[in-house]
Every structure is written in C-alpha cells, then in structure tokens.
Amino acid sequence: MATLILYLKGFDTKRLFALDDYYNEDRGRYYAALQTVDQKTLDTTQWLEYFCEGVAVSMNRVKDTVLQLSHDRRLKDKRGQIFLNEKQIRILKYLQTGLKITTKECQDMFNVSERTARNYLNELVKKDLIKPVGPQKGRYYILA
1 MATLILYLKG
11 FDTKRLFALD
21 DYYNEDRGRY
31 YAALQTVDQK
41 TLDTTQWLEY
51 FCEGVAVSMN
61 RVKDTVLQLS
71 HDRRLKDKRG
81 QIFLNEKQIR
91 ILKYLQTGLK
101 ITTKECQDMF
111 NVSERTARNY
121 LNELVKKDLI
131 KPVGPQKGRY
141 YILA
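Quick note on numbering: my numbering labels position 37 of the sequence shown as 37, and the sequence is numbered without any gaps.
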C-alpha cells in the first residue's frame, strides 16, 4: 500500500528503492508494528515510527549503492545520470571487487543462458560503464 501511495505521489520507487524489501526482512516486526495501532483512538504513532524507520533504512541503502557505484565523478559529469537495473548494479559491484567478469561468470551469477548473459554485459558496454578486453573467445569485461 505504501509503495502504491508513493508511486501515485510521483515517486517511482522501483527505480530508487523498494520499501517491501525492508518490511519483508522481518515480517514478525512488521505485523507487531501493525498491531500497535489503537483501534479505539486510531493512534498510529508507533506504526508511523516503524514505517519512517523503513523509509530511512531503504534510502540509506540507495545512498550506499550510489556511493559504491560512483567510482568516478568525471564519468557522471560527462555522461549524466544513468538508470541501472538490479542486474546491472550487481555486475558493477562484482567488477569493483573482482576487477573482471566473463560471460560465463555472468551466466552463473544470474543462472541464465550465454546469450542472455552477453546481452546483460553488452547493455553495460553501450552505457560506457564496462569495456570488453580480448578477442571473442576468452573475452572478459572490466570497468570502463
């Protein structure tokens, strides 16, 4: 419900953050917070505190992800903001720790076909975020 309300108010939460993730992590606490609403007075103070905590935690996760992926401010200034989906973010995070990725590693990461993995990587190449190294056979990708 909260995601719908935020979306209707102009927040495209699936591109930025997913409140559902926070609440799904501890469903017991979520339901306990719902139970704190006083049915007689309709006092929602404790529920709102819990909800706001979820928004804050979710936004901090977005901030942390953006900071991790913003390895070169000059690239952002040159190319502007680039929308990345969850798979692309995961590939870039992997490259930051592993320094390179092959199509096979990408296949294994997402349990997809070779063609699909190649498409994932090529999307990042087109966005100038990664670059291929080597001939077709034995090719791997690094951060651009």
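Glycine is no exception: its CB is placed at the ideal position from the N, C-alpha and C atoms.
Measure from the alpha carbon of residue i to the alpha carbon of each residue in the options, then state which is nearest.
i: Thr65; options: Phe110, Cys52, Leu84; result: Leu84
i: Tyr140; options: Gly28, Glu123, Lys104; result: Lys104
i: Leu99; options: Val133, Asp108, Glu123; result: Val133
i: Lys87; options: Tyr31, Tyr50, Glu123, Glu114; result: Glu123
i: Gln96; options: Lys63, Asn111, Ile142; result: Ile142
Please report the straight-line C-alpha distance between residue i and residue j, rounded to a whole angstrom.
i: Ala117; j: Val125; result: 13 Å
i: Leu48; j: Thr36; result: 10 Å
i: Arg61; j: Leu19; result: 11 Å
i: Tyr50; j: Ala33; result: 7 Å
i: Lys8; j: Tyr30; result: The question names Lys, but residue 8 in the sequence shown is Leu. Each residue's Cα considered, the two are about 23 Å apart.
i: Gly138; j: Glu25; result: 40 Å
i: Thr45; j: Gln39; result: 12 Å
i: Tyr22; j: Ser58; result: 7 Å
i: Arg27; j: Pro135; result: 49 Å
i: Asp108; j: Thr102; result: 10 Å
i: Cys52; j: Ala144; result: 38 Å
i: Phe110; j: Lys63; result: 24 Å
i: Arg115; j: Thr41; result: 58 Å
Let me confirm a value: residue i is counted as buried when at least 16 other C-beta atoms fall within 10 Å, else exposed. Which label applies?
i: Gly54; result: buried
i: Ala56; result: exposed
i: Ser113; result: exposed
i: Ile82; result: exposed
Can you find a heavy atom of the ligand GTP that lies under 7 Å from the Cβ of residue i?
i: Glu114; result: Of ligands this structure carries none, so the ligand GTP is not represented either.
Using a Cβ-Cβ cut-off of 7 Å (strictly less than) and excluding sequence neighbours within five positions of residue i, which residues of its own chain qualify?
i: Cys106; result: Ile91, Ala117, Tyr120, Leu121
Here's a check: name, in chain order, each residue in its chain whose Cβ is nearer than 8 Å to the Cβ of residue i, leaving out the five neighbours to either side.
i: Asp43; result: Val37
Notebook entry, point to check: Would you call the segment 120-139 and the segment 86-94 in contact, with 3 or more CB pairs under 8 Å?
Noted result: yes
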